[in-house]
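Counting from 1, one number per residue, gives the positions in the sequence shown under UniProt numbering. From the three backbone atoms N, C-alpha and C, an ideal C-beta is built for every residue, glycine too.
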Amino acid sequence: MSAVAHTAGEEIELPWHAEPSFNCFGCSPRNPVGLKLRMRRLPNGDHAAETVFSAEYASYPGIVHGGIVHVLLDEVMGDTLALVHGMLAFSVTLRSKMLLPLRVGLRYLTTARITGRGNGVLHTEAEITGPDGEVHVMASGTFQPIRSEQARNLMELDEAAFGRVRHYFDHGTGES
């Protein structure tokens, strides 16, 4: 089965794209060197993004750099948390198993889901499949919801920008 067949589902407009101060390398359509990912909600509830890497993202000739592969995983898992829970979060851990290299010029599908929560973090899993449906990378991650004071200090948001995005912060993980 091809990766394209897996992407049937609803395309999601990421709500923070309208915020001019957000220039995310992974998902912002305004970042000139970024991935410009477009997320979809799949019929099974997972979230996914298709990606075709150009030679600018290569390490060895024709092979996508491993660090860029990790950016892709981090972004799709983090966007999944934001879309499901309405929160922005920092990645705390990212573990991956690179089974096969990704090649420039081929279409890949990165699919993510939330797998749990505990100790103030949320847990996710993701995989990247190639055009033939073969799994190239498997990953898991933990994410810490961003608090308002972190957003103000680390992101250097002015009052107007903070006011537009404040609803993405100070979410708990649903623990009692």
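Check your understanding: Identify the residues that DSSP records as bridge partners of Gly141: which are they?
Key -> The residue you call residue 141 lines up with position 141 of the sequence shown. In the DSSP output, where bridge partners are listed per residue, Gly141 has Leu94, Thr124.
Point to revise | Chain-order list of residues whose beta-carbon lies under 7 Å from that of Asp79 (same chain, five-residue window excluded) | key: Counting from 1 along the sequence shown, the entry for residue 79 is found at position 79. If we look at Asp79 and ignore the five residues flanking it on each side, its Cβ neighbours are Leu14, Cys27, Met39, His47.
Review point. Hey, which unbroken runs of the alpha helix (DSSP H) at 4 residues or more fall wholly within the segment 20-107?
Key: 66-85
Check your understanding: What does a CB cutoff of less than 6 Å around Ile68 pick up in its chain, not counting 5 residues either side in sequence?
Key -> The count along the sequence shown starts at 1 and reaches residue 68 at position 68. Closer than 6 Å at the Cβ level, and outside the excluded window around Ile68, lie Tyr57.
Practice item. Decide if Ala55 is buried, meaning its Cβ has at least 16 other Cβ atoms within 10 Å, or exposed. Key: Locating residue 55 in the sequence shown gives position 55, where the first residue counts as 1. Per the 10 Å Cβ criterion, exposed.
**Study point:** Local conformation of Gly130 per DSSP, three classes
**Key:** Numbered from 1 along the sequence shown, position 130 holds the residue referred to as residue 130. Here Gly130 sits in coil by DSSP.
Exercise for review: List the residues that DSSP assigns as beta-bridge partners of Ile146.
Suggested key: As a working mapping, residue 146 is identified with position 146 in the sequence shown. None, per the DSSP bridge assignment.
Review point. Can you find at least 3 beta carbon pairs, one from the segment 100-114 and one from the segment 123-140, that sit closer than 8 Å?
Key: yes
Review point. Going by the CB atoms, is the gap between Ser96 and Leu73 shorter than 8 Å?
Key: Here residue 73 refers to the residue found at position 73 of the sequence shown. Here residue 96 refers to the residue found at position 96 of the sequence shown. Taking 8 Å as the Cβ cut-off, Leu73 and Ser96 qualify as a contacting pair.
Check your understanding: What first and last residue would you give for the alpha helix (DSSP H) that runs through Glu13?
Key -> Stepping through the sequence shown from its first residue, residue 13 is reached at position 13. First-last for Glu13: undefined, no H or E at that position.
Point to revise | Cβ neighbours of His171 in the same chain (closer than 8 Å, five flanking residues each side left out) | key: Working through the sequence shown from its first residue, we reach residue 171 at position 171. So the qualifying residues of the chain are His85, Gly86, Met87, Pro145.
Review point. Thinking C-alpha only, which one of Phe22, Glu19, Leu94, Thr51 is nearest Leu106?
Key: Stepping through the sequence shown from its first residue, residue 106 is reached at position 106. Selected option, being the one with the closest Cα: Thr51.
Review point. Is the distance from the Cβ of Val71 to the Cβ of Phe25 below 8 Å?
Key: In the sequence shown, the residue the question calls residue 71 occupies position 71. In the sequence shown, the residue the question calls residue 25 occupies position 25. Against a cut-off of 8 Å, the Cβ pair of Phe25 and Val71 comes out as a contact.
Review point. Do you know whose CA, among Arg117, Glu19, Glu125, lies nearest Asn31's CA?
Key: Working through the sequence shown from its first residue, we reach residue 31 at position 31. Nearest option by C-alpha distance: Glu19.
Check your understanding: For Thr115, which beta-bridge partners are listed by DSSP?
Key -> Translated into positions along the sequence shown, residue 115 becomes position 115. Its beta-bridge partners do not exist; DSSP assigns none.
Check your understanding: Is it true that the CB of Ala126 sits closer than 8 Å to the CB of Ala112?
Key -> Within the sequence shown, residue 112 is the residue found at index 112, counting from 1. Within the sequence shown, residue 126 is the residue found at index 126, counting from 1. Taking 8 Å as the Cβ cut-off, Ala112 and Ala126 qualify as a contacting pair.
Point to revise | Rounded Cβ spacing between Thr110 and Ala49 (contact assumed at less than 8 Å) | key: As a first step, residue 110 is located in the sequence shown; it is residue number 110 there, counting from the start. As a first step, residue 49 is located in the sequence shown; it is residue number 49 there, counting from the start. Indeed, because the Cβ distance is near 5 Å, the residues count as touching under 8 Å.
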